[in-house]
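K.L.:
In structure tokens form, the structure reads like this:
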């Protein structure tokens, strides 16, 4: 296990314990193997991964900051800028598009009053266009905050989801 940096104010001790659990899965000389998990822990705690977080994770894992930045910017699950409380990622790849994702995108942009890849003025929703979520048979699919997948998203189901999340934001 690694010692939690004394100067760190960015992540909690609990976050470092979670990162340490991930580190324990890999040989000591392969700490960089835990970079995705470490970034996920940081994002779960803070909502996004700032440059300062990237540098902190890099120092904790003994990696160059640019290597951590490359991971954070390669994977769409990581947010390198602040987003709304709820990130809604709608798969728009061809199978989903053919099964209603185009309609779902139009409905969501109209209901939220924002185009894809933007955040509502109140900071509650960010609507992202996503790549394949691996559930083509359930199209159209939507992912909430990288954790919760919603399938067969009709306009009625989209409206119900928005209402549920809006209530949770209050």
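Residue numbers (my numbering): 61 to 230.
Note that beta-carbon positions come from the ideal geometry of N, C-alpha and C, so glycine has one too.
Under a CB-based cut-off of 7 Å, is residue 164 close to chain B?
P.N.:
Looking for chain B here will not work: only one protein chain is present.
K.L.:
Expressed to the nearest angstrom, what Euclidean distance is found between the alpha-carbon atoms of residue 171 and residue 188?
P.N.:
If I take the Cα positions, the gap works out to 14 Å.
K.L.:
Spatial neighbours of residue 92 within its chain, please: CB distance less than 8 Å, with the 5 preceding and 5 following residues excluded, ordered by chain position.
P.N.:
Cβ within range, chain order: 121, 122, 123, 127.
K.L.:
Which word fits residue 143, buried or exposed, when buried means at least 16 other C-beta atoms lie within 10 angstroms of its C-beta?
P.N.:
Buried is the call here.
K.L.:
In terms of alpha-carbon separation, which member of 89, 86, 202, 83 lies closest to residue 146?
P.N.:
Comparing Cα positions, the closest option is 202.
K.L.:
Given residue 226, which residues of its chain have a CB within under 8 Å of its CB, disregarding the five upstream and five downstream residues?
P.N.:
These residues qualify, in order along the chain: 184.
K.L.:
Check each candidate in 200, 213, 193, 214 and name the one with the smallest Cα separation from residue 206.
P.N.:
The residue with the shortest Cα to Cα distance from residue 206 is 193.
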